[in-house]
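Scroll down for the structure; my scribbles are underneath it.
Number of protein chains: 2
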Amino acid sequence: MDLTPNTYAADCPTRQILDRIADKWTVLILQLLEREPRRFNALRREIQGLSQKVLSQTLKTLERDGFVTRTAFPTVPVTVEYALTPLGRSLAITLSPLSRWAEAHMQAVESARAAFDVRSGSVVGAATPLTGMPSGGARALV
Amino acid sequence: MDLTPNTYAADCPTRQILDRIADKWTVLILQLLEREPRRFNALRREIQGLSQKVLSQTLKTLERDGFVTRTAFPTVPVTVEYALTPLGRSLAITLSPLSRWAEAHMQAVESARAAFDVRSGSVVGAATPLTGMPSGGARALV
DNA sequence: CCGCATCCAACAGGATACTG
DNA sequence: CAGTATCCTGTTGGATGCGG
Chain A
2 MDLTPNTYAA
12 DCPTRQILDR
22 IADKWTVLIL
32 QLLEREPRRF
42 NALRREIQGL
52 SQKVLSQTLK
62 TLERDGFVTR
72 TAFPTVPVTV
82 EYALTPLGRS
92 LAITLSPLSR
102 WAEAHMQAVE
112 SARAAFDVRS
122 GSVVGAATPL
132 TGMPSGGARA
142 LV
Chain B
2 MDLTPNTYAA
12 DCPTRQILDR
22 IADKWTVLIL
32 QLLEREPRRF
42 NALRREIQGL
52 SQKVLSQTLK
62 TLERDGFVTR
72 TAFPTVPVTV
82 EYALTPLGRS
92 LAITLSPLSR
102 WAEAHMQAVE
112 SARAAFDVRS
122 GSVVGAATPL
132 TGMPSGGARA
142 LV
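First to last, the protein sequences are chains A and B. Here the first sequence stands for residues 2 to 143, where the numbers follow our numbering. Here the second sequence stands for residues 2 to 143, where the numbers follow our numbering.
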């Protein structure tokens, strides 16, 4: 039996788990829930661009994976609260550097993209000019 | 002007970046390149389940985002080497805890899934028996 | 309020074949 | 070896309407 999990094997469970946790919505949701438990529509409102359907699906898998708990209070219109489990909290802590990295290096990435697009000659609104010039080839940049 | 980036706004650049870096293949590729630069087919072989098309696409965006450099040596059959930029190295370090978390908590997640599936009564190979029983409802767990 | 079910458009991604 | 181009299918995900 193979006791050492290998993320690079397609069939290893760790691969499947990595696929789930390396997800945009997972990162954002867990981040919010780490601060404090929330209701369904609270999450929906706080995360722009997240549709109700996808939120619903995501929460369900997060619950199944043991990251969040779903508690329904039998109030008049039902009230549902989502909260992190200890396992989920552990994951949230692991994930939070991702958001911070994105914020910290946003500018650097945008610059890199702009530079690359110039090198590739892909000017957005205009046809690629055969005139100017290619080359510029293999200068080590970085 | 808004100086504070907000990952929860749909149009914020950080959101787009988060979407890219929170990606299964990105995590795996950067991890490998952090140890040492690699050739195209080396990456392809080392990462099971990663098709040539997707690897190609992914590497291109990673290059555009300024995470990796692509160096082509004019040998007989051309040789191409991918390596991390300082920015990419910074990201790789941020990403590596993800893989390790997956490995460390693999068992816990699988247990959670099994438990959830039992609660939900979704036995894989069999039709859901109307006989047995529903309920099991709202017991607070965890 | 909290969802699920349905329909449908868009895109991701595998297989294959062909270039420098 | 290191890709690009084409085709074609499966899944993702938005929009909408209904039910507990």
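Just so you know, even glycine gets a beta-carbon here, dropped at the ideal spot from N, CA and C. The structure presented is a predicted model; accordingly, all values stated were derived computationally and were not measured.
Item: Three-state secondary structure (DSSP) of A:V77; Value: coil
Item: B:T129 in three-state terms, based on DSSP; Value: Confidence at B:T129 is low in this model, with a pLDDT of 40, below 50, so the placement of that residue should be treated as unreliable; the coordinate-derived value is given next. Here B:T129 sits in coil by DSSP.
Item: Beta-carbon proximity of A:L56 to A:R71, cut-off 8 angstroms; Value: no
Item: Chain A contacts from the stretch 72-90 of chain B (Cβ-Cβ distance under 8 angstroms); Value: T72, A73, T86, P87 and L88
Item: Other residues of its chain near B:P75: CB distance less than 7 angstroms, five sequence neighbours each side excluded; Value: none
Item: Three-way DSSP call (helix, strand, coil) for A:A11 in this model; Value: coil
Item: Residues in the stretch 94-116 of chain A having any Cβ partner in chain B nearer than 7 angstroms; Value: T95, P98, L99, S100, W102, A103, E104, H106, M107, A109, V110, E111, A113 and R114
Item: Distance CB(A:S100)-CB(B:L88) smaller than 8 angstroms; Value: no
Item: Between the CA atoms of B:A23 and A:D24 - distance to the nearest angstrom; Value: 5 angstroms
Item: Alpha carbon of A:L4 to alpha carbon of B:S52, nearest angstrom; Value: 27 angstroms
Item: Cβ-Cβ distance between A:I48 and B:Y83 below 8 angstroms; Value: no
Item: Opposing strand residues paired with B:R40 [DSSP bridges]; Value: B:E82
Item: Interface residues of chain A facing B:P1 [CB-CB closer than 8 angstroms]; Value: Chain B is shown from 2 up to 143; residue 1 of chain B falls before or after that span and cannot be answered.
Item: Where A:R21 sits in the DSSP three-state scheme; Value: helix
Item: Supposed close pair A:T95, A:F68 - CB separation, criterion 8 angstroms; Value: Rounded, the Cβ-Cβ distance is 11 angstroms, inconsistent with contact.
Item: Cutoff 8 angstroms: A:I30 Cβ touching any chain B Cβ; Value: no
Item: Reduced DSSP category for B:T95 - H, G, I as helix; E, B as strand; rest coil; Value: helix
Item: Straight-line Cα distance separating B:R65 from B:R21; Value: 12 angstroms
Item: Within chain B, partners of A:R45 - CB distance below 8 angstroms; Value: Near A:R45 there are no residues of chain B at all, since even the closest Cβ is about 12 angstroms away, more than 8 angstroms.
Item: Alpha-carbon spacing of A:F117 relative to A:V110, whole angstroms; Value: 10 angstroms
Item: Proximal chain A residues relative to B:E64, where beta-carbon distance stays under 8 angstroms; Value: F117
Item: Beta-carbon neighbours of A:L145, restricted to chain B and to distances below 7 angstroms; Value: Only positions 2 to 143 of chain A appear in the structure, and residue 145 of chain A is not among them; the question remains open.
Item: Own chain residues within Cβ distance below 8 angstroms of A:T62, not counting five before or after; Value: R21
Item: Cutoff 7 angstroms; reference A:T35; Cβ partners in own chain excluding five residues on either side; Value: Here residue 35 of chain A is Glu; the residue named in the question, Thr, does not match the sequence. For A:E35, where only same-chain residues beyond five positions count, the Cβ hits under 7 angstroms are L85, R90 and A93.
Item: Identity of the residues DSSP links to B:T70 by a beta bridge; Value: B:A84
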